[in-house]
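Comments concern the structure below.
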Amino acid sequence: MTTLGPIEIEVIRNALTAAAAEMDVTIWRTSRSTIVRELLDYSTAVFDAQGSNLAQSARIPSHLNSMTHALRTLLSDHIPPEQWEEGDVVIFNDPYCGGQHLPDILAFRAVFHEGVRIAFVGALCHHIDVGGLAAGSYAAKATEIYQEGLRIPPVKLLARGVRNEAVWAIIRQNVRKPELLLGDLSSQIASLEVGRAALLRLARRFGAAAMLEAGRRILDMSEAGMRAAIAAMPDGTYSFEDVLDDDGIALGQPVRLAVRLTIAGDTATVDLSGCSPQAAGPINATLASANAAVMFALMCCADPSLHMSAGCYRPITVIAPEGLVVNARHPAPVAHRIAVGHRLLNAMMGALHQAVPHLIPAAYYGNSYVTTFQTVADSGAREVLVEIEIGGSGAHPAKDGVNAYAAGMHNNSNIPIEMIEAQMPLTVMRYALREGSGGAGRHRGGLGLVREWRVDSPLCFFTANMDRFVHPPYGLAGGCPGATGRLLLRRNGEETPIPPKTDNLPLRAGDIVRLETSGGGGHGPPDQRDPAARARDARLGYV
Amino acid sequence: MEAEARPVRIAVDIGGTFTDLQILDARQGRVAAWKTPTTPADPSEGLLRGVREAAERFGFALSEVGLLMHGTTIATNAVLERTLARGVLLTTAGFEDVLEITRHVRRDIYGLAPDPFPCLIERDMRFGVPERMRADGSVETPLGDLGPVLARLRAAAPEAVAIGLLHAYANPAHERALRAAVEAALPGVPVCLSSDISPEIREYERLSTTVLNALLMPVVRRYLERLEARLGEGGFAPRIFLVQSNGGMCSLRTAAEQPARLLLSGPSGGALAAERLSRRLARPNLVAVDMGGTSFDVSVVQGQRIGLVTQGEVGGLPVRLPMVEMRTIGAGGGSIAAVDAAGRLTVGPRSAGARPGPVCYGRGGVEPTVTDAHAVLGRLDPDFFLGGAMALDLAAARAAMRARIGERLGLSVEAAAEGVLRVTNAQLAAAVRLSLFEKGLDPRDFALLSFGGAGGLHATEVAEELGMAEVIFPREPGTLSAYGILFSDLVQDIARSRLLRAEAAKAGEVAALLAALRAEGEARLAADGVPPARRAIEIAADLRYHGQAFELLVPWPEAPDLDALAARFHAAHRARFSYAAEGEPVEIVTLRASAIGRLEKPEEAAPAAPAARPRPGARRVWQGGAATEWPVWRREALRPEDAIEGPAIVEEAFATHVIARGWRAALDPEGALVARRIA
């Protein structure tokens, strides 16, 4: 047993964070698809020998706080720790094995030092397409997971460093853009090697026992920080609910996300029993997704110096009975699970507003505006574009929301218009702030966006999956809600609405798709808005 | 180049506090350093004063100065302090908000109260123009009626106009026509085209660069006018060049038209010095680390060349222009140490800066910093800080370290201070490792070049952590940037974006683009008065695999053969990213030319050894929980035969160096202090 002082712990903690950063750089620099490279839809992390997250790269909240759940499920139900060997890389994407949805492929590798397993390293990438009903694997009308694409159970993609060619061949045969997917998968594997090398440097310096002890202490430290944040909240039970418009199948029937948050001393219990039963359409979430939203909400309320690790989860209990939209049962479809993630975060923030009103902003736009264009040339050649757009952030008790800000459960960059047009038969006609979309209030919600695409190929299949078209992002403390979203088709000068959850809508050359995203909710009564701020809004055309 | 024939060349680096000068007199080959306080209101005043002082001190006439090479942070400061011109952006109608939408990815994942992304031109000053280009440079919508937009422009009465249209990198015709119309409507108002300053694909980054440039034009022009007005006195009429962020010099004309090229030029001088020293000291691979009060800058010299990148950032705004590759972390002498609610020791990112500064400065700082940790341990001499210009309040530093760190962690005051340094060194080592790692390089193949006020206190310990065997402390570490500037060349960067497969069928198109790039390079060098014998054009390309969204900068092979280019890309990709996909098509995104005008490099004489030689002193320094006597050497009294066994301290006027236990240091013939790990 070694005894490490606070200094050694901090040195090791820094090095673990640096390892996750090196893994992150590896993926960023080497991946092929736009979804990884330009949308930055991936995350990397370092875990202890039991699968608890010790350090993470700062990318996507919905990924980060789900990876511990995924790895622990993998170790307990599928490939127990003793079956991992040096050089093994295990991948899977199955939501019913601890994952979230099929496009997210998780890759893990165990790290051994002198025969002792000292850690795991993991990388999660959102892949451009894993087959299924719709290009991009974002089928909005799927009613069972079998329609959503290739389902990969936990398998060794590399066994003792040797490629399992059969697995590679199966993947290649089942996806729309195999060279991009396999390229991105290679980046994931390279990042695991980089993470492993970083951990071994550390192990050679401090020894295996010290590494394991440091891991325990880092988790304890995060736990203490999270407990301090919860203890600062007044004890009590705080309830809030918000809804998704529908699941894309039972149209017009809202899906309820209800949170009952109980703060007792330095612990928090989040009861999700009041949420709707799982839906027919693909908005369902598995526990990995629901947990990620709950943890993220509470972690946002902590001291900014909090070290984010699985220790933060310890004082938090989540009650989510199976069969609900937050803990779906196989074979429910889950492609758009981020919908529940976003809305659950909105509901958590609404509950937290009652406990710590000075910290909590009004609702952000609360969904990922996923659009997929599959263009088909006369020659039959196909190109796929997946874009994830965003809206405005909610107004904060002390300031306006931010226009066009990737908020909440995801964190995506846009794709440069010039890059799209240089590579595909699409023309972007407009990219602008959406005037008047921010909720009014003493502090105004941030504005949403407008984006228009024109199809230049003879044929194009369009798929969309989005929400907040009926139920707007809420305001707080007397602030008004943000605007609801709109999706329109302009053909021959006529505009018709496109349902926000649409699969494979055939488009032809000259058609224009127009997306208008939600702004954030306002905070405080609008009549208390500072006249100077009001004048500025008018001058800049924000309202 | 009559001015160049005069014997004296001066390099000036204007920093926030000091204006540093290095003077090379070709008659003796002597290089001398001088420092004078910066005059923030008009930095040209301090510059001229420094030159006059140096002339008096080192015995040359102002009329003997042929070249003045000038590094300035005036552009950077104007952006950071928002003392920019009031401008208008003209852009393709329908895309006026691209500048405000940015790339919209957030940096602080867990923050609940975000600030907006910085945006230099507000919405009511961004006007749409009816027009549209396609990616291949063909016209989708011709330039329409400009009457309404010109009327708005006149009403707005801007001090500068930025013009950035979609796909202007592929065809600048609309931007040029628009400029003609704007210049006619607003005579005398500076106009900047995106196709001139940054003709590269990706609209937001290009727009950001164009707007920065436009808003800097009036600011930098005013400065250059003031500078030129000061010339002539005492026959002082040198040719003046300015330092760009790419590490090369540019003429006053270029600086006035493309001031964005001066942004982030601050670290260029240090990187240039590292490149020069790598040749003089015969160390082809160097990691240069510059640690001051607030930041730690890392740059890499590989094979005697500094690395360049094609994009940087100032104050959160992207600048799409070639610049010296630099990793900066917020770790310096002023970084604040604290213990958080969970009992975690943190160092930085908050900094006490220069005001209030570390506790030991006695200027009102109450939170212990890295500098305080050095003072507590005896590594800094409280009576010889900044050459004795400032006395350090050791008692206050100890009290703060005890109350805010030691007692909270259950450590003695010295153990707390040592802990702060260990955590800091771990952060510095991680930054160095990441800088090398990004390129697939191994620290053990590099020597560490340490400079900046605080670098020497950490260098050998950071090198130890990285497994590096050698640390070099150059002479005059306080004016090293000016030294780098002294020996640099004129460099003009020219770029053309064109998405092309790197395959034989495109050879003709590529050859035509390259010919155009070379011709433009030659023309620009001719305009700057560079004779043909001193010109060189270096070609490189941004390449990627089809589908990748970021590119690798690859030097063009000798033979103009696309297969050779692709092979070079595969090799570079493998070296940097641990895999190559040789069956995949390779895409050219941007072709680049660096047009270099070589300036004469006069010989530099080796420094003379000092005559007097005081014996080293000694000081009690804490390490590993105990205080021992460490020898303390004066840098200027060192002679080549001196062997300094670590642990030891070497002091000079503006820097203190620690030679760690297990290291041995000696002067090399060039006057650099070289520490080696004892095997």
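So the sequences go chain by chain: A and B.
For the first sequence, position 464 matches number 464 in my numbering, and the numbering has no gaps at all.
Adding 1000 to a residue's 1-based position in the second sequence gives its number in my numbering.
The beta carbon of each residue, even a glycine, is placed where N, CA and C say it ideally should be.
Since the structure is predicted, the reported quantities are computational estimates derived from the model, not experimental observations.
- Taken through DSSP and simplified to helix, strand or coil, LYS156 of chain A comes out as strand.
- Taking 7 Å as the threshold, the shortest C-beta distance from ALA1426 of chain B to chain A falls below it.
- With distances taken between CA atoms, VAL455 of chain A lies nearest to A:VAL376 out of A:VAL376, A:GLY479, A:GLY439 and A:ALA538.
- Per DSSP, the unbroken beta strand (DSSP E) holding GLN1492 of chain B starts and ends at 1490-1501.
- Residue state for PRO1555 of chain B is assigned as strand, using DSSP reduced to three classes.
- With respect to the 7 Å criterion, ASP467 of chain A and LEU244 of chain A are classified as neighbours on the basis of their beta carbons.
- The residues VAL1098, LEU1099, ILE1101, THR1102, ARG1103 and PRO1318, in chain order, have a CB closer than 8 Å to that of TYR1204 of chain B in the same chain once the five nearest residues on each side in sequence are set aside.
- Exposed is the label assigned to TYR146 of chain A, since fewer than 16 other Cβ atoms lie within 10 Å of its Cβ.
- Between the alpha carbons of SER1063 of chain B and ASP1042 of chain B lies a gap of roughly 23 Å.
- DSSP places VAL90 of chain A in the strand class (E or B) of the three-state scheme.
- Here VAL356 of chain A carries a coil assignment [DSSP, helix/strand/coil].
- At a cut-off of 7 Å between C-beta atoms, GLY1094 of chain B counts as an interface residue with respect to chain A.
- Interface criterion not met: the Cβ of ILE171 of chain A is under 7 Å from no Cβ in chain B.
- In the DSSP assignment, TRP168 of chain A falls within the unbroken alpha helix (DSSP H) covering 165-174.
- Taking a contact as a CB-CB distance under 8 Å, the pair PHE1569 of chain B and LEU1552 of chain B counts as one, their CB atoms being some 7 Å apart.
- With fewer than 16 other beta carbons inside 10 angstroms of its own, GLN83 of chain A counts as exposed.
- One thing to note: PRO473 of chain A has its Cβ no nearer than 7 Å to the Cβ of GLY479 of chain A.
- Taking 7 Å as the cut-off, the beta carbon of VAL334 of chain A is found no closer than this to the beta carbon of TYR138 of chain A.
- The beta carbons of MET409 of chain A and PRO81 of chain A sit no closer together than 7 Å.
- Against chain A, a Cβ distance below 7 Å from HIS1104 of chain B picks out ILE390, ALA404, TYR405, ALA406, SER413 and ASN414.
- Taking 7 Å as the upper bound on Cβ-Cβ separation, chain A lies near no residue of the stretch 1031-1054 of chain B.
- Secondary structure note for THR371 of chain A: its beta strand (DSSP E) is the uninterrupted segment 369-376.
- In the DSSP assignment, LEU385 of chain A is bridged to A:PHE373.
- Secondary structure of ASN327 of chain A (DSSP, three-state): strand.
- For secondary structure counted as the alpha helix (DSSP H) over 4 or more consecutive residues, the stretch 1354-1420 of chain B holds these complete runs in sequence order: 1370-1377 and 1394-1401.
- In the DSSP assignment, THR3 of chain A forms no beta bridge with any residue.
- In terms of Cβ geometry, ILE27 of chain A and SER222 of chain A do not form a close pair [threshold 7 Å].
- Under the three-pair Cβ rule at 8 Å, the stretch 9-29 of chain A counts as touching the stretch 1426-1434 of chain B.
- For the stretch 138-153 of chain A, no residue has a beta-carbon sitting nearer than 7 Å to a beta-carbon of chain B.
- Counting along the chain, GLN1022 of chain B sits inside the beta strand (DSSP E) bounded by residues 1018-1025.
- Using a Cβ distance threshold of 7 Å, ASP1493 of chain B and ASN1246 of chain B count as a contacting pair.
- The Cβ of GLU495 of chain A sits no closer than 7 Å to any Cβ of chain B.
- If the five residues before and after GLY1087 of chain B are omitted, its C-beta is found closer than 8 Å to the C-beta atoms of LEU1120, ILE1121, MET1125, PRO1158, GLU1159, ALA1160, VAL1161, ALA1162, VAL1211, ALA1214 and LEU1215, all from its own chain and listed in chain order.
- A straight-line Cα-Cα distance of about 22 Å links THR1656 of chain B and LEU1281 of chain B.
- Of all alpha-carbon atoms in B:PHE1117, B:ILE1074, B:GLY1292 and B:GLY1410, the one lying nearest the alpha-carbon of VAL1219 of chain B is that of B:ILE1074.
- Closer than 9 Å at the C-beta level to chain A, one finds these residues of the stretch 1313-1341 of chain B: ALA1338, VAL1339, ASP1340 and ALA1341.
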